[in-house]
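Worksheet: one structure, shown below.
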Amino acid sequence: GGEMVQTLQRQSECCFFLSFFPGTVKFQPSLWPWDSVRNNLRGALTEMCVLHDVLSVVKEKKYMALDPVSHDPTAGKTQQVFQLISKKKSLATAAQLLLKGAEKLSKSVAENQENRRQRDFNSELLRLRSQWKLRKVGDKILGDLSYRSAGSLFPHPGTFEVIKNTDIDLDKKLPEDYCPLDVQIPSDLEGSAYIKVSIQKQAPDIGDLGTVNLFRRPQKNKAAQPWHIKLEAAQNVLLCKEIFAQLSREAVQIKSQIPHIVVKNQIISQPFPGLQLSISLCHSTGEKKSNRASPEKPKPDDHLHVLEHNLHQMMREFHKQQLSSVVMPHPASAPFGHKRLRLAGPMAYDKAEIANLQQNEGLLEKIIKQAKHIFLRSR
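Heads up, the numbering used here is the position in the sequence shown plus 1186, with the first residue counted as 1.
Here it is in structure tokens:
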């Protein structure tokens, strides 16, 4: 047994040391001859166990479980808060830029609309000036409705004011009938008017005369009227008032066997016995007033439009006569006056003929003659 141990020891020494160290190897003799073998085998066994444990852990999930690493929850929330704050700041910056751009766009649109409205106002004012007399008094633009330039002597000023229409909202779409210019008419010239001339066979009681509602023509909406319709209607009201004032003045001044009656807005005359000529000024302002309505049947429309037209025509001829002595063309060597009077000398007119030339019939006398003619033709 001792010889076998020695033989194995020599072989192991030769195997592990002599092959690697060809020279003479000196080592410390071990206390036990198999100590190095045991150590090597133990190391190999340890490595094999470690390898087996690693393979078992990798293969079998029951030996080891992976737990998530614990993080601080406040750190994640703080990061989210920082992200939210940064997003809010970015959105606030973008919103501020968008608001500035929208404000600039709205200002530019408002300026463009205001400039366009100003251009429209100026063009409309130029159109108004081409049709009506305008003058500027201070910061106001005033116009003239009267017929003074045509020879009228009616004392009404007939002044209207041109204003800028600011009732429209710039943010909304402009309507089709929008007009940047508007006119303010005097209150006594608002609405519409006409002169009613009628012939009646039976004269009513004088107590029934006076202001009556004779306006039967359809009334238009005042808000939808453009400025030229307003001005034309106001000028027509002014002319009707002038005609009625002239007729009233002549009715008071003219002396006749049957005196003419002037009661408020009516003039009553009797061209023939039992026949009555009524001339009324019918003026409607469009306002609803509490009229004393009587349960009477509506009377037939006996308005003589021919006589109304003749009144307007004669009033314009009267204007022309007043204007002809100064404005109209006249001879350079002859004095101002009527053409028939200028012919009095060459034609050898006497005093009676000249007096007859100077006598002019008034509107009332002419309209009474025409009413007589119409009545006699209708018989």
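Even glycine gets a Cβ: it sits at the ideal position worked out from N, Cα and C.
So is residue i buried or exposed if we call it buried at 16+ other beta carbons inside 10 Å?
i: Ala1557; result: buried
i: Ser1476; result: Low per-residue confidence applies at Ser1476: pLDDT is 41, beneath 50, and the placement is therefore not dependable enough to give any value.
i: Cys1426; result: buried
i: Val1492; result: exposed
i: Ala1379; result: buried
i: Trp1218; result: exposed
i: Glu1428; result: buried
i: Phe1346; result: buried
i: Glu1547; result: exposed
i: Trp1220; result: exposed
i: Leu1424; result: buried
i: Val1295; result: exposed
i: Gln1507; result: exposed
i: His1238; result: exposed
i: Ser1349; result: Per the sequence presented here, residue 1349 reads as Ile, with Ser not at that position. Exposed, since its Cβ has fewer than 16 Cβ neighbours within 10 Å.
i: Leu1331; result: buried
Between which two residues does the alpha helix (DSSP H) carrying residue i extend?
i: Arg1321; result: Segment Lys1319 to Val1323 is the beta strand (DSSP E) holding Arg1321; no alpha helix (DSSP H) there.
i: Ile1447; result: Taken as a continuous stretch (DSSP letters only), Ile1447 belongs to no alpha helix (DSSP H), being part of the beta strand (DSSP E) at Ile1447 to Val1449.
i: Asp1221; result: Asp1221 to Lys1245
i: Lys1326; result: It is not in any alpha helix (DSSP H) - Lys1326 instead sits in the beta strand (DSSP E) that spans Lys1326 to Asp1330.
i: Glu1428; result: Trp1413 to Gln1439
Could you spell out the range, first to last residue, of the beta strand (DSSP E) harbouring residue i?
i: Gln1386; result: Ser1378 to Gln1386
i: Ser1466; result: Gln1462 to Ser1470
i: Leu1367; result: Leu1367 to Gln1370
i: Phe1346; result: Thr1345 to Lys1350
Within its chain, find whatever has a CB closer than 6 angstroms to the CB of residue i; leave out the 5 residues flanking it on each side and keep chain order.
i: Glu1376; result: Thr1471
i: His1495; result: none
i: Ser1564; result: none
i: Ile1447; result: Ile1454
i: Trp1318; result: Gly1329
Consult DSSP for residue i and reduce its assignment to one of helix, strand or coil.
i: Gln1452; result: strand
i: Ile1553; result: helix
i: Glu1494; result: helix
i: Gly1337; result: coil
i: Asp1306; result: helix
i: Ala1530; result: coil
i: Glu1539; result: helix
i: His1505; result: helix
i: Ser1564; result: helix
i: Lys1248; result: coil
i: Phe1268; result: helix
i: Ser1256; result: coil
i: Asp1374; result: helix
i: Ser1316; result: helix
i: His1138; result: In this structure the chain extends from 1187 to 1565, so residue 1138 is not present and cannot be described.
i: Ser1442; result: coil
i: Glu1547; result: coil
i: His1342; result: coil
Cutting at 8 angstroms between CB atoms, please list the residues of its own chain near residue i, excluding the five before and the five after it.
i: His1489; result: Lys1382, Val1383 and Ser1384
i: Phe1561; result: Ile1385, Pro1457, Phe1458 and Leu1461
i: Ile1271; result: none
i: Gly1505; result: Sequence inspection shows His at residue 1505; the Gly mentioned does not correspond to that position. These residues qualify, in order along the chain: Tyr1333, Ala1336, Gly1337 and Ser1338.
For residue i, collect the residues of the same chain with a Cβ closer than 7 angstroms to its Cβ; drop the 5 residues on either side in sequence, then sort them by chain order.
i: Ile1554; result: Ser1455, Pro1457 and Leu1463
i: Tyr1249; result: Ser1242 and Val1243
i: Phe1430; result: Ile1381 and Leu1467
i: Glu1310; result: Cys1365, Pro1366 and Leu1367
i: Lys1416; result: Val1369 and Ile1371
i: Met1500; result: Leu1549 and Lys1552
Flag residue i as yes if its beta-carbon sits less than 7 angstroms from any beta-carbon of chain C, otherwise no.
i: Lys1387; result: Of the chains in the structure shown, none is chain C; there is only one protein chain.
TODO: May I ask you to verify whether the stretch 1431-1448 touches the stretch 1363-1372, counting CB pairs closer than 8 angstroms and requiring at least 3?
DONE: The answer is no - the stretch 1363-1372 does not touch the stretch 1431-1448, with fewer than three Cβ pairs under 8 angstroms.
Task: Three or more C-beta pairs below 8 angstroms linking the stretch 1264-1280 and the stretch 1312-1323 - done: no
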